[in-house]
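If you read the sequences in order, they're chains A and B.
When you line the first sequence up against the numbering used here, it's residues 15 to 170, in that order.
When you line the second sequence up against the numbering used here, it's residues 9 to 447, in that order.
Beta carbons are placed, not taken as given, at the ideal position from N, Cα and C, and that holds for glycine.
Heads up, the thing below is written out as structure tokens.
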Amino acid sequence: MKFSDEFETRFTMMARHYPTKRSVLVPALLYAQDEIGYLSDEVIQEIARRLELTELDVRNVISYYSMLTTKPRGKYNVQVCTNIACMLRGGEELFAHCRKKLGIGHKQTTQDGRFTLEEVECIGACSWAPAIQVNYDFHENLTVEKLDKVLDGYQK
Amino acid sequence: MASLVSHPDEVKVVSRRFGQGATNIDRYLELDGYKAVQKAFAMEPDAIINEVKNSGLRGRGGAGFSTGMKWSFVPKQSAKPKYVLCNGDESEPGTCKDRLIFEHDPHAVIEGVMIAALAVGSQTGYIYIRGEYRYLSIIMQKALADAYARGFLGKNIFGSGRDLDIYWHGGAGAYEVGEESALMESLEGKRGIPRIRPPFPAVVGLWGGPTVINNAETLASVPHIILGGAEWYAKVGTPKNGGTRLFCLSGNLEKPGVYELPMGYNLRKMIYEVGGGIPNGRELKAVVPGGSSTPVLLPEEIDISMDFDSVAKAGSMLGSGGVVVLDDTNCIVKFALRTMKFYRHESCGWCIPCREGTDWLEKTLTRFHAGGGLKKDIDNIQYLSENMLGRTFCPLGDAAAMPTIAFVKKFRKEFEDHLEGRPCPFERAGAVEQLPVLA
Ligand SMILES: Cc1cc2nc3c(=O)[nH]c(=O)nc-3n(C[C@H](O)[C@H](O)[C@H](O)COP(=O)(O)O)c2cc1C
Ligand code: SF4
Ligand code: FES
């Protein structure tokens with residue numbers, strides 16, 4: 015199991031920030047996932063080994079956090095907020111449109127591996143609703159037309 | 009990046025440096041940055057705490073507890089290290105203000121953590137930012153590195169002989185982790201399951217050490233109080249509710265956005281003047297005044313002062329500053345359902361009333377909204393919610409129950425209109441799948 019140098023530098027630096035080893039676990043898992051695509055068995059074994067935890071400890075933590083996944087996702091994770099502020103301004107319509115356009119449902123991935131779709135809870139964009147996040151990028155004040163453009167931008 | 013708005017009634021304190029390039033440390037210094045912490049160095053810890061107490065600053069994370077008071081609970085002597093923990097988990101639906109602070113003025117948060125650390129005698133601070141806010145954690149990591157490079161953090165800061173470290177920490181998606189004890193669990197690398205209190209974090213917190221936990225906006229307000237003085241800050245607001253707060257206006261408004269208004273600003277004015285009123289010639293139906301956890305207000309209940317005490321008197325809460333406005337095209341049952349779906353999803357499952365209650369309520373509301381409601385469900389929804397109140401380890405159970413009780417109480421007729429297999433009166437044709445009516 016090999017991570018990038020960037021990951022290693024970050025991991026070493028962050029590990030120094032806490033009095034206990036396992037404190038680095040949550041951010042380390044997210045950075046590992048960003049690099050590998052998902053939390054594979056090898057990633058889990060490696061992180062558990064480094065932090066002197068059991069694999070079960072690590073899996074327990076993974077299952078708690080909604081951004082962490084042990085299943086591969088598409089290259090672009092399209093996260094559509096349908097929570098209250100977005101719902102009032104068309105968030106559900108955006109989600110329905112994504113389903114139709116991509117031909118997949120919640121937490122499913124397109125056959126070409128390009129997109130995963132996810133209905134998510136509030137992403138902190140309520141005053142600029144409706145909003146989505148594609149991986150970490152926010153797209154706000156959307157309409158169905160604008161959403162089409164956003165998704166087309168990720169087709170390339 | 010989130011767009012900025014403005015209104016003449018705004019009083020810019022926390023948002024003063026928004027749009028001014030203050031992520032750059034030199035620019036921050038030009039705009040009075042790191043002056044407050046230097047002033048704080050010359051003050052006794054108790055004097056800092058008193059200044060914050062007298063300013064009337066109350067926690068912007070939701071509960072509105074006096075910040076100075078909270079700091080005063082930290083024991084002076086402690087065998088274990090003390091910590092300051094900035095809560096930037098921001099996940100309460102309707103709330104999107106800490107995001108702007110991190111984006112435009114990250115050094116103000118750092119400076120606030122520094123002053124809190126001086127006040128309580130801590131040498132280590134953490135700034136926890138929710139995982140979805142990756143671009144903000146990048147901004148924060150740069151700001152921290154710049155502060156270290158200038159000698160503002162690390163050993164012998166500002167040549168004072170004191171050491172102070174502040175680190176960034178990131179989440180990975182969980183509303184419950186915003187609850188203070190779950191936040192500490194998360195920072196310690198665990199599932200975000202709340203801790204039983206007492207002991208309170210101010211006495212036994214991170215790794216067993218006394219810990220001050222404050223919201224990012226609370227901490228970003230502190231340097232302004234130290235520089236401008238408690239008296240000035242207190243006067244901006246109303247008695248017992250010092251200063252300003254970032255109100256996140258969202259929903260069916262002409263001009264949604266995050267506006268910084270004095271505490272005590274009138275809610276009706278906030279909706280109709282600052283927020284530009286309801287678009288498309290529609291009427292106001294309801295307002296959720298402080299994030300999804302707070303009980304809904306009716307149009308006739310909005311002539312109130314937006315401070316912690318007045319909103320509480322009106323039967324709701326000022327909460328996290330998220331003002332969600334609904335026009336008359338919206339179905340309250342559906343809104344209640346979406347709210348409950350959120351709490352069911354976020355419940356950590358530790359205690360039964362919350363875990364089972366939110367699940368049962370979501371299922372019932374789903375069936376109800378789809379036309380499968382029974383008359384007795386209405387009372388059952390209310391009864392069950394009332395029985396969740398105060399019976400859970402953390403306030404998430406209350407946060408799910410309180411708004412639900414208010415929806416049923418204030419919109420009972422709308423629940424009744426869904427009975428007997430009738431389709432939702434607000435739903436656009438064909439949008440809901442009809443479920444069979446139960447016997
Ligand atoms: C379920 C739940 C979620 C919370 N989420 C947040 C949050 O995202 N950010 C926050 O500052 N406070 C949140 N709080 C409040 C914190 O527990 C805590 O009171 C607050 O961070 C204290 O800071 P303050 O005194 O400056 O408000 C939450 C509370 C609960 C019960
Ligand atoms: S109230 Fe809900 S979120 Fe809080 S501890 Fe209990 S189950 Fe967990
Ligand atoms: S409700 Fe969608 S971003 Fe807050």
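Per DSSP, reduced to three states, the secondary structure at Y351(B) is helical. Under the three-state reduction of DSSP, F255(B) is assigned to strand. Contact with chain A is absent for A294(B), since none of that chain's Cβ atoms lies less than 7 Å from the residue's Cβ. DSSP places C94(B) in the uninterrupted beta strand (DSSP E) bounded by 91–96.
Taking a C-beta cut-off of 8 Å against chain A, the contacting residues of the stretch 193–204 of chain B are S194, L195, E196, G197, K198, R199, G200, listed in chain order.
Taking the Cα of F415(B) as reference, the smallest distance to any Cα among T347(B), F316(B), E193(B), L37(B) is reached at T347(B). With fewer than 16 neighbouring CB atoms inside 10 Å of its own CB, E69(A) falls in the exposed class. Beta-carbon to beta-carbon, M81(A) and A180(B) are separated by about 5 Å, close enough to satisfy the 8 Å threshold.
Counting along the chain, no alpha helix (DSSP H) covers A71(B), and no H or E run does either. A straight line joining the alpha-carbon of Y36(B) with that of R24(B) spans about 11 Å. In the DSSP assignment, T132(B) is bridged to Y91(B), D173(B). Residue burial is scored here from C-beta neighbours: F110(B) has at least 16 other C-beta atoms within 10 angstroms and is therefore classed as buried.
Counting the other CB atoms within 10 Å of its CB gives N91(A) a total of 16 or more, which places it among the buried residues.
Take the alpha-carbon of K84(B) and the one of S168(B): they are about 20 Å apart. Proximity of the stretch 144–161 of chain A to the stretch 95–112 of chain A meets the contact definition, three or more beta-carbon pairs being nearer than 8 Å. Apart from sequence neighbours up to five positions away, the residues of its chain that approach K105(B) with a beta-carbon distance below 7 Å are E225, L254, C256, V266, G329, ordered along the chain. Secondary structure at P270(B): strand, using DSSP grouped into helix, strand and coil. Residues whose Cβ lies closer than 6 Å to any heavy atom of ligand 2, listed in chain order: E184(B), P202(B), S355(B), C356(B), G357(B), W358(B), C359(B), C362(B), R363(B), T400(B), F401(B), C402(B), L404(B), G405(B). Judged by their CB atoms, A294(B) and V304(B) are nearer to each other than the 7 Å cut-off. Within the stretch 82–95 of chain A, the residues whose Cβ lies closer than 7 Å to any Cβ of chain B are, in chain order, L82. Contact between the stretch 420–436 of chain B and the stretch 374–392 of chain B is present: three or more C-beta pairs spanning the two stretches fall below 8 Å. Contact of W215(B) with chain A is assigned, a C-beta pair being separated by under 7 Å. With 16 or more other CB atoms across the displayed protein chains lying within 10 angstroms of its CB, G69(B) is buried.
Residue contact check for P144(A) against chain B: no CB pair falls below 7 Å. DSSP, reduced to helix, strand and coil, places H153(A) within a strand of the structure shown. Under the Cβ criterion of 7 Å, V75(A) is counted among the residues facing chain B. Fewer than three beta-carbon pairs drawn from the stretch 273–280 of chain B and the stretch 214–234 of chain B are found closer than 8 Å, and the two stretches are therefore not classed as touching. With fewer than 16 other CB atoms across the displayed protein chains lying within 10 angstroms of its CB, S11(B) is exposed. Rounded to whole angstroms, the Cβ separation of S189(B) and P207(B) is 10 Å, and the two are not in contact under 8 Å. If you look at L334(B), you'll find it in the beta strand (DSSP E) that goes 330–335. Rounded to whole angstroms, E22(A) and P270(B) show a C-alpha spacing of 46 Å. In the three-state reduction of the DSSP assignment, M314(B) falls in the strand class. In this structure, F129(A) lies away from G167(A), with their beta-carbon atoms at least 7 Å apart.
Put simply, the backbone Cα of M51(B) is about 35 Å away from that of S313(B).
P218(B) counts as buried, since no fewer than 16 other beta carbons sit within 10 angstroms of its beta carbon. Counting every other CB atom within 10 Å of its CB across the protein chains shown gives F316(B) a total of 16 or more, marking it as buried.
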